[in-house]
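This report concerns only the one structure given below.
There are 6 protein chains.
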Amino acid sequence: MGERIDGRIDGRGSGALRKVRLYRSVLRHPQGSALIEMGHTVVLVSATIEEQIPPWLRGQGKGWVTAEYDMLPGSVSGRSQRGKPSGRSQEIQRLIGRALRASIDLAKLGERRIVVDCDVLDADGGTRTASITAGYVALREAVRTLLESGAIAEDPMTTSISAVSVGMVDGEILLDLCYEEDSRADVDMNVVATGAGDLVEVQGTGEGNTFSLKDSQSMLKLALRGMDRLRRAQERCLESPAAGPRRLI
Amino acid sequence: MGERIDGRIDGRGSGALRKVRLYRSVLRHPQGSALIEMGHTVVLVSATIEEQIPPWLRGQGKGWVTAEYDMLPGSVSGRSQRGKPSGRSQEIQRLIGRALRASIDLAKLGERRIVVDCDVLDADGGTRTASITAGYVALREAVRTLLESGAIAEDPMTTSISAVSVGMVDGEILLDLCYEEDSRADVDMNVVATGAGDLVEVQGTGEGNTFSLKDSQSMLKLALRGMDRLRRAQERCLESPAAGPRRLI
Amino acid sequence: MGERIDGRIDGRGSGALRKVRLYRSVLRHPQGSALIEMGHTVVLVSATIEEQIPPWLRGQGKGWVTAEYDMLPGSVSGRSQRGKPSGRSQEIQRLIGRALRASIDLAKLGERRIVVDCDVLDADGGTRTASITAGYVALREAVRTLLESGAIAEDPMTTSISAVSVGMVDGEILLDLCYEEDSRADVDMNVVATGAGDLVEVQGTGEGNTFSLKDSQSMLKLALRGMDRLRRAQERCLESPAAGPRRLI
Amino acid sequence: MGERIDGRIDGRGSGALRKVRLYRSVLRHPQGSALIEMGHTVVLVSATIEEQIPPWLRGQGKGWVTAEYDMLPGSVSGRSQRGKPSGRSQEIQRLIGRALRASIDLAKLGERRIVVDCDVLDADGGTRTASITAGYVALREAVRTLLESGAIAEDPMTTSISAVSVGMVDGEILLDLCYEEDSRADVDMNVVATGAGDLVEVQGTGEGNTFSLKDSQSMLKLALRGMDRLRRAQERCLESPAAGPRRLI
Amino acid sequence: MGERIDGRIDGRGSGALRKVRLYRSVLRHPQGSALIEMGHTVVLVSATIEEQIPPWLRGQGKGWVTAEYDMLPGSVSGRSQRGKPSGRSQEIQRLIGRALRASIDLAKLGERRIVVDCDVLDADGGTRTASITAGYVALREAVRTLLESGAIAEDPMTTSISAVSVGMVDGEILLDLCYEEDSRADVDMNVVATGAGDLVEVQGTGEGNTFSLKDSQSMLKLALRGMDRLRRAQERCLESPAAGPRRLI
Amino acid sequence: MGERIDGRIDGRGSGALRKVRLYRSVLRHPQGSALIEMGHTVVLVSATIEEQIPPWLRGQGKGWVTAEYDMLPGSVSGRSQRGKPSGRSQEIQRLIGRALRASIDLAKLGERRIVVDCDVLDADGGTRTASITAGYVALREAVRTLLESGAIAEDPMTTSISAVSVGMVDGEILLDLCYEEDSRADVDMNVVATGAGDLVEVQGTGEGNTFSLKDSQSMLKLALRGMDRLRRAQERCLESPAAGPRRLI
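Protein chains in written order, with the UniProt record's numbering: chain A, 1 to 249; chain B, 1 to 249; chain C, 1 to 249; chain D, 1 to 249; chain E, 1 to 249; chain F, 1 to 249.
Okay, structure coming up:
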């Protein structure tokens with residue numbers, strides 16, 4: 001697939017990601033935190049360790065990772081309602097939780113729970129996939145504190161995880177859709193993969209349109225290429241010094 | 001892919017559907033209704049026409065199709081709680097709604113809403129895909145009443161829609177997983193397609209496992225073969241006389 | 001009271017029940033289940049044993065029987081809202097619970113709870129009384145499994161229970177009102193009794209009308225005659241082989 | 001039935017009411033209000049006129065009367081939870097509403113709603129029947145203001161309404177049970193009747209016990225005698241001058 | 001500050017309280033109760049002892065005092081909605097709780113909770129301050145029962161607490177505003193103080209207006225003078241015999 | 001009052017503010033937005049214009065300003081629960097709304113509503129006062145867009161508004177308490193004032209302690225001095241160029 005320069009709103013090629021900025025340790029209280037910017041989309045993520053697990057998991061010697069996702073009222077045009085999670089939010093937070101659990105051996109985590117909170121500060125499409133990519137960084141930080149404190153002896157994390165969207169717009173397959181592209185897309189697919197390039201989750205939908213087996217294959221290939229670049233951004237972020245709360249302003 | 005007889009709980013081949021029974025017109029009040037049995041899974045579906053559409057759609061001359069999904073308390077082992085839809089239920093009913101809207105030209109439906117209620121009477125895996133397959137039949141019936149009454153002049157339905165699950169269990173790709181197979185699956189994928197074999201929605205997840213591009217292709221192919229058989233069951237059901245409420249007992 | 005043939009919508013005599021069909025063991029998961037059809041009214045009932053009792057009963061060596069009642073959205077004309085139980089539903093499920101508890105010695109049940117779920121699939125009047133009549137069959141089945149497994153040594157059930165409605169329409173006392181008769185009734189009375197013909201609960205209301213002591217006596221007498229026939233239907237059902245899930249379609 | 005002096009907690013005869021005090025116009029804001037004391041049970045009732053009716057009644061030229069019932073936290077031993085109405089409360093307020101609507105020709109009320117709020121200040125059994133008896137007085141007051149202001153030309157009230165409980169305790173039929181008697185009762189019956197002695201509602205329940213046709217007849221007769229005295233108390237209250245807010249302390 | 005006679009709705013001087021009536025032991029069930037009338041404002045307060053404390057306080061050997069506040073639907077013009085506490089109610093009940101806790105040494109109370117329920121029967125301004133003034137009396141009564149039963153050995157109450165409102169209306173500082181004055185006030189201040197005249201809480205607000213440091217000083221001084229008189233009313237009430245439930249009517 | 005250097009956690013004098021950073025236009029969608037940092041406390045504020053007002057204000061030609069306040073789960077130690085606003089949150093958002101309405105002539109705003117959302121990203125005490133100080137900047141920005149678009153002709157804003165906390169810790173009066181100081185404070189007071197130094201709201205509370213008239217005067221004076229500096233920070237922020245979304249990372 002050639003990366004055409006023309007046609008995309010911000011001049012990107014069809015297979016190009018938006019500008020990615022990724023910071024870690026941006027909050028004082030949670031054990032892990034990250035801030036991600038993908039183009040105009042900004043998501044703040046925290047990972048908090050709780051030394052209690054849900055009742056249904058007790059006594060199995062296993063831990064749990066769960067996620068919550070919400071949009072700040074000012075993150076969208078026309079203000080979103082504050083309060084109970086919508087069906088959309090619940091669907092997204094279940095996806096984020098499943099994706100992050102694929103990066104960790106829950107038995108090695110011990111009987112504790114890590115809650116990953118993803119709050120969208122500014123929304124321009126791709127907020128769920130950005131949440132997963134930054135969520136991995138925050139989770140990695142939280143697990144580090146467990147290792148450093150000696151609470152767990154062996155690193156439970158088995159792989160990195162990232163996510164990206166891909167879609168078909170006017171017959172062309174595009175990577176990392178912004179809001180306007182997403183609104184016009186015939187098919188929209190969110191893909192989660194490990195750092196090794198193995199698929200973890202595929203959610204493709206063509207509301208009002210259909211797509212072929214071959215289309216699905218092409219979209220997945222492009223998404224995997226994009227996630228390879230996200231993996232490198234995660235590695236750079238985790239190797240660089242903590243951003244500190246100062247990065248929030 | 002060879003259809004192995006051994007290995008499946010009920011002796012099916014890996015590419016075989018469970019026994020499908022599909023009835024229509026099983027309720028007296030709704031304009032459309034259907035009952036589907038896929039193995040032990042039983043779902044009762046009704047389609048009710050409401051001459052009002054949600055506020056955000058008013059004045060556009062378009063209709064809407066929405067779905068609700070719930071499980072009766074006695075449909076599962078240990079009784080499910082009655083009441084507010086869980087995150088899982090909301091995710092499923094959003095999927096059913098999107099799938100069914102792919103079968104219909106909403107502009108031709110006029111400013112009305114069809115609500116498709118899917119209630120699981122007995123659950124043995126595949127309840128969301130069974131809901132879509134039977135939901136199409138109930139929706140088709142409801143639309144027929146609009147055509148017969150002259151409320152709409154032109155048939156808004158553009159295709160049939162069905163759905164099926166496919167998964168990887170012990171390295172083998174299996175069609176139409178029952179509950180026990182689903183519990184042991186490494187990868188679980190729900191696929192929705194049109195009667196013409198075009199993909200409408202793909203949701204594949206490997207909680208605790210990963211899958212390759214090639215695996216995804218093989219799973220989609222097997223799912224499409226299964227849905228071809230479901231399409232024929234839908235056609236037979238819609239051509240046969242109404243079951244009538246008597247069919248419920 | 002003569003049983004007049006003329007006058008009733010379906011040609012019944014004033015003291016005749018609608019056609020009753022009653023099946024048991026219609027679901028795979030719950031310990032007890034039943035399906036009842038009284039004319040067009042269809043109710044699916046399950047009885048699930050929970051080895052925990054409410055906190056306020058703990059430590060007394062007694063069990064508890066409780067009921068939940070809901071209508072499927074497609075069971076009525078115009079679709080009923082799904083979700084939280086209405087005031088009407090709560091009133092009905094409290095009635096069903098009280099009625100079924102009258103059939104059982106809670107001390108002999110041991111510290112466990114049986115939840116009887118009544119879901120109306122199709123509604124044509126008399127859904128609360130049909131729920132009680134079928135609820136007894138499901139409860140009886142669930143208790144049998146406790147006896148057969150040796151969980152309890154002595155049968156805690158002391159009597160059978162059934163229920164029926166009776167009402168005054170245009171000055172005439174009618175048994176087992178269908179929806180249309182109920183809508184036109186001057187007085188509506190729901191009566192619960194034991195198999196021995198003793199009264200357990202009487203709820204008579206004349207919204208917009210009144211009735212005399214003598215009317216109340218006549219209505220109760222007719223109701224008791226109707227419940228005698230329901231008792232026989234319950235006995236036949238419990239003696240016949242299990243319907244099996246197949247009966248649902 | 002002889003009125004035995006011995007045996008009742010407060011020395012009453014079996015057919016005697018507790019001491020009844022009934023005041024009207026005890027609040028400044030609502031159009032009607034009443035305070036009733038039956039023994040230790042104290043209920044404060046207000047009747048507020050709203051010039052809007054529920055959507056489902058609009059355009060029919062008819063009014064509506066509805067009731068709400070709650071217990072103040074301090075009205076019972078151990079404090080009742082404040083907040084959402086329980087199933088019991090909802091059942092009671094539906095009963096109060098039905099009972100009061102039997103006293104009024106809704107067509108003559110015009111398109112307005114009267115809300116009757118019943119708040120139990122101190123509870124010693126019989127709160128629902130006391131609410132109905134005082135509710136009639138408050139409703140009567142509210143309707144008077146409509147007549148006096150000329151909002152309606154013709155008196156819509158067709159009868160007075162009162163209510164009382166009756167029960168079987170240790171084989172004896174007792175009128176107007178206090179809490180302790182109610183706790184020990186084998187059968188508990190709440191009866192609503194018009195001033196002319198016609199029955200409006202009968203709710204008899206024998207949790208854990210049964211009763212005969214003859215018992216039901218005896219209980220109804222005793223209840224009607226009690227309500228005849230309540231009718232006179234209502235008449236005296238409505239003829240006497242307004243108590244004024246001063247009566248509250 | 002001169003106390004002008006003219007200008008106030010009821011002819012009071014600017015520094016005069018409304019007529020105060022305060023009764024105790026007005027309910028049978030709670031360990032403490034009080035009824036206060038300040039002009040037309042009537043609040044019924046109960047104090048219930050619970051031998052359990054909130055989880056976050058367990059094991060510290062300390063008790064807790066909390067308050068709930070609500071208005072009966074008929075206490076205001078146009079009827080207030082029953083149900084969940086509004087933001088205003090929550091704010092008020094938090095204030096009442098803080099104020100009452102200032103009167104008691106929680107360590108000496110032992111691990112138990114006293115819940116003070118304040119229900120407004122008739123509202124004419126100043127309901128939150130009246131609730132605090134009567135709340136102290138009910139709390140004092142409940143603590144007395146603990147002392148009398150020997151449940152606690154040492155009196156935990158360290159001071160009395162009362163509260164009053166003060167405001168600026170048309171440039172003049174007025175004590176104890178009734179509803180109509182409150183509606184027209186430029187500044188409204190609620191003040192809580194101990195019997196010794198020390199401030200416990202000050203909440204002054206000038207919606208749509210502002211006030212100076214000097215104004216705040218003058219308002220606080222007048223409030224302290226008013227509370228000195230409330231302290232005396234509390235003392236008289238606590239020394240006089242119990243009103244008994246009879247006082248409610 | 002001398003500004004002592006010793007004694008405060010961060011070496012500030014008793015009358016010194018923490019380091020204040022204030023940015024505007026930090027979000028793309030809302031008409032106004034601001035980010036404030038006071039020491040470690042970080043609050044993101046947006047102001048959204050809605051061309052509808054609440055029903056109770058319609059037809060009066062006036063506008064409305066309302067506020068919502070919430071803390072992100074990761075803003076505090078131990079993670080705060082997401083979801084419905086707590087009593088504390090509701091109290092705070094009512095305070096913010098009242099404070100901001102004091103800065104604006106609602107009649108000149110026209111029939112529209114401005115919603116000011118305050119979300120705490122990192123909490124170290126003083127979040128409600130920081131919300132008010134930044135809320136004024138966001139509100140000012142939103143009103144500017146109305147003036148620039150010609151939607152309103154005359155500037156409705158009549159003054160600037162800021163807020164700060166002051167308290168007594170170990171007998172010393174301190175300005176702008178951080179979380180640790182706030183936890184140890186004997187008296188805590190939140191003060192809102194206009195740019196001209198007039199008081200708008202005073203909320204002083206001494207949970208477990210009391211304070212004198214003289215203390216209240218000293219605290220108010222110190223708070224007014226602090227707010228004079230906040231006013232200057234607001235002026236500088238509003239005169240400087242927009243920070244742009246880039247400032248968020």
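For every residue, glycine included, the Cβ atom is placed at its ideal position computed from N, Cα and C.
Can you tell me the Cα-Cα spacing of residue i and residue j, whole angstroms?
| i | j | result |
| --- | --- | --- |
| Ala233/D | Ser240/D | 11 Å |
| Asp183/D | Asp124/D | First, the residue type needs correcting, since residue 183/D is Ser and not Asp in the sequence shown. Computed Cα separation, rounded: 11 Å. |
| Ser46/B | Gln81/C | 13 Å |
| Thr194/C | Val191/D | 23 Å |
| Asp170/C | Leu35/E | 53 Å |
| Arg21/F | Thr133/A | 30 Å |
| Gly61/F | Ser25/D | 39 Å |
Should residue i go down as buried or exposed, given a rule of 16 or more other Cβ atoms within 10 Å for buried?
| i | result |
| --- | --- |
| Ala153/C | exposed |
| Ala196/E | exposed |
| Ala107/C | exposed |
| Gly11/A | exposed |
| Glu3/B | Confidence in Glu3/B is poor, its pLDDT being 41 and thus under 50, which makes the residue's placement unreliable; the coordinate value appears in the next sentence. Burial call: exposed. |
| Lys52/B | Note on residue identity: the sequence assigns Gln, not Lys, to residue 52/B. Burial call: exposed. |
Taking 7 Å as the CB-CB limit, is residue i close to chain C?
| i | result |
| --- | --- |
| Glu91/D | yes |
Within a Cβ cutoff of 6 Å, which residues of the same chain sit near residue i, ignoring the five residues on either side of it in sequence?
| i | result |
| --- | --- |
| Ser218/D | Ile173 |
| Thr158/F | Asp105 |
| Glu68/B | Gln93 and Asp117 |
| Val120/E | Val43, Met71, Ser75 and Thr127 |
| Tyr179/E | Asp124 and Gly125 |
| Leu146/D | Ile152 |
Which one or two residues does DSSP pair with residue i in a beta bridge?
| i | result |
| --- | --- |
| Val26/B | None; Val26/B has no bridge partner. |
| Tyr69/B | Cys118/B |
| Glu239/C | Looking at the DSSP assignment, Glu239/C forms no beta bridge with any residue, so it has no partner. |
| Met189/B | Val166/B and Gly204/B |
Within the 7 Å Cβ cut-off, does residue i reach chain B?
| i | result |
| --- | --- |
| Glu172/C | no |
| Gln203/A | yes |
Excluding five sequence neighbours on each side, which residues of the same chain lie with their C-beta closer than 7 Å to the C-beta of residue i?
| i | result |
| --- | --- |
| Asp122/B | His40, Thr41, Val42 and Ser75 |
| Tyr136/B | Leu100, Ser103, Ser160, Ile161, Ser162 and Gln234 |
| Ser86/B | none |
Using a Cβ-Cβ distance cut-off of 7 Å, determine whether residue i contacts chain A.
| i | result |
| --- | --- |
| Arg79/B | no |
| Asp117/F | yes |
Keeping to the same chain, check which residues put their C-beta closer than 8 Å to that of residue i; ignore five residues upstream and five downstream.
| i | result |
| --- | --- |
| Ile249/D | The predicted model places Ile249/D with a pLDDT of 43, which falls under 50 and marks its position as unreliable, so this point remains unresolved. |
Taking 6 Å as the cut-off, does the CB of residue i come closer than this to any heavy atom belonging to the ligand ZN?
| i | result |
| --- | --- |
| Gly74/B | Summarising the ligand content, the structure contains no ligands, and the ligand ZN is consequently not present. |
Taking only beta-carbon atoms, is residue i less than 7 Å away from chain D?
| i | result |
| --- | --- |
| Arg28/E | yes |
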